[in-house]
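Okay, so here's the structure we're looking at.
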Ligand SMILES: [Zn+2]
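Numbering (the numbering used here), first residue to last: 473 to 614.
This is how it looks when you write it as structure tokens:
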């Protein structure tokens, strides 16, 4: 991988923080499972990971598997990489997917033509094993 001027990229790809509160999400992704937090008090699904339910303020939150199905809530086509490490990836689709469980998740839409992506398009989860210890959660059309 080289930079725009042909030299090596000075910075490695940014990696998600996979410690503490978000660790169960990333550990599940490595097993190719999609999980979200669920409130033990009011049963609402929660994403992004938090210490307290945003609906009832309970701290009794558990991790549970979700369907992995949802719809494109919003998207944009990225032509200008936000980080030099993504230069070879552009253009790509950055999206917010609303899962059937109701939570919204930032992600990429893959395995389709960028021109075919539209709001409300049904999608399902796919797992991108970027490295042995790092898997990203992405979505493809159903
Ligand atoms: Zn709650």
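Ideal Cβ placement from N, Cα and C applies to all residues, glycine included.
Item	Value
Straight-line gap, residue 486 to residue 554 (C-alpha atoms, nearest Å)	10 Å
DSSP three-state assignment for residue 494, whether helix, strand or coil	helix
C-alpha gap between residue 531 and residue 492, whole angstroms	15 Å
Where residue 500 sits in the DSSP three-state scheme	helix
Any non-hydrogen atom of ligand 1 closer than 6 Å to residue 532 Cβ	no
Supposed close pair residue 575, residue 508 - CB separation, criterion 8 Å	6 Å
Beta-carbon contacts of residue 565 that lie in its chain and below 7 Å, excluding the five residues immediately before and after	547, 549, 580, 581, 586 and 589
Residue 514 Cβ short of 6 Å to ligand 2 heavy atom set	Among the ligands present in this structure, namely ligand 1, ligand 2 is not found.
Residue 517 versus residue 602 - alpha carbon distance	27 Å
Sub-7 Å separation of residue 591 and residue 538 beta-carbons	no
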